[in-house]
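Take a look at the structure below.
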Amino acid sequence: METSHNKRGTKFKFDKEWTDAIIRLPKHYQDELYNAIEAYQRDLTVIDVSEGVPRAIFMLIMPTIRRRYIARQNGRMARERKRAVRSSVMKEKSSKIHNSTYICSPEPETEPIAATPPQIAKDTNKKRHRNALKRIKRHASRRDKYLPSI
28 METSHNKRGT KFKFDKEWTD AIIRLPKHYQ DELYNAIEAY QRDLTVIDVS
78 EGVPRAIFML IMPTIRRRYI ARQNGRMARE RKRAVRSSVM KEKSSKIHNS
128 TYICSPEPET EPIAATPPQI AKDTNKKRHR NALKRIKRHA SRRDKYLPSI
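Mapping of the sequence shown onto the numbering used here: position 111 corresponds to residue 138, and the numbering continues sequentially without gaps.
Put into structure tokens, the structure is as follows:
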């Protein structure tokens with residue numbers, strides 16, 4: 028696929044197959060087809076194309092251009108929705124920060140730190156091994172499928 032640059036700098040897709048088909052036509056038909064394709068890609072404006080092969084080529088290209096145009100529109104709308112959601116979330120966060128009572132209130136008093144370190148539960152190690160054992164048992168049927176029997 029190649030991209031063609033419009034005078035405004037916008038990029039549109041222009042497939043190699045289209046170029047190969049259009050190059051085989053006489054020069055005046057080529058210009059007419061290029062202009063028609065560019066206008067249709069820009070805003071789905073249909074320009075009259077000469078009868079015969081040029082019109083047939085344009086009619087074959089139209090559904091592809093229309094599908095890409097709709098995909099571009101849907102992508103644009105999705106990006107706008109996403110942008111709106113992000114901006115509303117950011118506004119909510121900023122309003123929560125500005126309206127927060129923690130910023131204006133004095134610092135809370137801290138409790139004294141205990142001299143003894145906190146006790147770590149010994150059961151966590153057993154749970155971890157138990158979960159690993161469950162996982163091994165759960166995947167045993169899948170594992171046995173690929174391993175040769177002993």
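Beta carbons are placed, not taken as given, at the ideal position from N, Cα and C, and that holds for glycine.
Treat the numbers as computed from the prediction; the structure is a model and nothing was measured.
Query: 7 Å Cβ shell around E59 - same chain, five flanking residues per side excluded; Result: V76, S77, P81
Query: Inter-residue Cα distance where the pair is G79 and Y61; Result: 16 Å
Query: Assigned exposure category for A98 - 16 Cβ within 10 Å defines buried; Result: exposed
Query: Neighbour-count burial assignment, A83, 16 or more Cβ in a 10 Å radius; Result: exposed
Query: Secondary structure of H166, DSSP reduced to three states; Result: coil
Query: Own chain, CB closer than 8 Å to H166, minus 5 neighbours either side, in chain order; Result: none
Query: Start-to-end residues for the alpha helix (DSSP H) that takes in L71; Result: Per DSSP, L71 belongs to no alpha helix (DSSP H) and is neither H nor E.
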